[in-house]
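Reviewing the structure listed below.
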C-alpha cells in the first residue's frame, strides 16, 4: 500500500472531535486508559488499509470482541472513549473508520455536507465486508472472535442490525438509535425492518422517545417485524427499549442532545444484555 494512503489516513479525526459535531460541550466524558492497551491501527481490508481505533485490557488474552460502528462523524474522540469504556468492561473494542473509502467526515463543517459527500456513497455490501475484515484483524491480535458483539450509534445503529443479519459469528448486537426503515437503493437495498427474519443474533435496540429523525411509528414497525419472525429465535430474543424524553444522540455526551439519565440506563442495559449472552 502506498505510504501516501497511510499518511492520508493518519489525518483522520482521532483524539479530537469532528468539526460538524461542534460545539463540543464540557460535559464530554473522558475514560482513562489505565490498564488498557489502546491506540490506532490499520486493518487490511483486501484492497486497501482502513484506519481503526482499538482498546482492550492490557495483558488479557482471548478478550471478547465488540465492533463499535461510528455515527456519521466517523472515529473521533467520542468513539475512542466509547471503545475505552467497553475495554474497561473486558472487551477488545474496535472502532473502524468505515467511511475511509470516500472521505474523512471530520473535514466537513456541516452534517449536510457529510450526508452528501460521505453517507450517500456508502455501500452496505462493502460495509459488511469491511467489518468482516475487522473481525479477522481482531483475531490476529489474540482476541476471541468466537465471542463477537457489534454495537453502533446513529448511522452505525442501522449497520448494527444489518451486520447481525449478515455475520453468523455475531452473538449479540446493541443498536443505538439507528434508522430502521428507508428507501431501497442499489447501495442500501435493505433496512433493519427488512432483515428481522434473517437475524443471526439477538439485538437490543436503544431509542429515544423524542428522536425527530426516527419516528416512534418506525420503532413499532420494527417491533412488529421482529414479532412476525416466528421461526427465528434471534428475532424473538431481540427487543427495543425507548427512553423517555431522550433525543437522537442521547448517548453522545459531547453534544447538546446528551441525556445523562437515559445514557447511563441504556449503557447499563447494554452491558447486562451482553453479559446475558456470555460475552463478558
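In the working numbering, the protein residues as written are 146 to 425. Just so it is clear, CB atoms sit at the ideal spot from N, CA and C, and this is done for glycine as well.
Is the Cβ-Cβ distance between residue 229 and residue 197 less than 8 Å? Numbered from 1 along the chain shown, position 84 holds the residue referred to as residue 229. Numbered from 1 along the chain shown, position 52 holds the residue referred to as residue 197. Contact: no.
I want to know whether the region 398-418 touches the region 364-383 - three or more CB-CB distances under 8 Å. no
Terminal residues of the alpha helix (DSSP H) in which residue 255 lies: Reading the chain shown from its first residue, position 110 is the one you call residue 255. Counted as a single uninterrupted DSSP element, the stretch harbouring residue 255 is not any alpha helix (DSSP H), since DSSP gives it neither H nor E.
For residue 425 and residue 223, the rounded distance between their alpha carbons: Taking the first residue of the chain shown as position 1, residue 223 is located at position 78. Taking the first residue of the chain shown as position 1, residue 425 is located at position 280. Computed Cα separation, rounded: 23 Å.
Tell me the start and end of each unbroken beta strand (DSSP E) in the region 211-246 that is at least 3 residues and wholly inside, in chain order. 237-241
Which of helix, strand or coil DSSP assigns to residue 199: Taking the chain shown and counting its residues from 1, the one referred to as residue 199 is at position 54. DSSP, read as helix, strand or coil, puts residue 199 in strand.
Where does residue 409 fall in DSSP's three states? Translated into positions along the chain shown, residue 409 becomes position 264. Looking at residue 409 - three-state DSSP - the assignment turns out to be helix.
Residues that residue 183 bridges to, as DSSP identifies them: As a working note, residue 183 is residue 38 in the chain shown. According to DSSP, residue 183 bridges with 200.
State yes or no: is the C-beta of residue 164 within less than 8 Å of the C-beta of residue 240? Position 19 of the chain shown, counting from 1, holds the residue named residue 164. Position 95 of the chain shown, counting from 1, holds the residue named residue 240. No, the Cβ-Cβ distance between residue 164 and residue 240 is not below 8 Å.
Selected residue, minimal CA-CA separation from residue 162, among 243, 249, 181: Walking along the chain shown from the start, residue 162 turns up at place 17. Nearest C-alpha to residue 162: 249.
With respect to the alpha helix (DSSP H) encompassing residue 370, which residues constitute its N-terminal and C-terminal limits? On the chain shown, residue 370 is found 225 positions in, with the first residue counted as 1. Residues 361-373.
Taking residue 351 as part of the beta strand (DSSP E), name the residues at either end of that continuous run. Translated into the one-based positions of the chain shown, residue 351 becomes position 206. Segment 348-353, the beta strand (DSSP E) holding residue 351.
Bridge-paired residues (DSSP) for residue 287: Taking the chain shown and counting its residues from 1, the one referred to as residue 287 is at position 142. DSSP, once it has assigned bridges, lists no residue as partnering residue 287.
Assumed close pair residue 353, residue 397 - CB separation to whole angstroms, cut-off 8 Å: To locate residue 353, count along the chain shown from 1; it is residue 208. To locate residue 397, count along the chain shown from 1; it is residue 252. Actually they are not in contact, since the Cβ atoms of residue 353 and residue 397 sit about 11 Å apart, beyond 8 Å.
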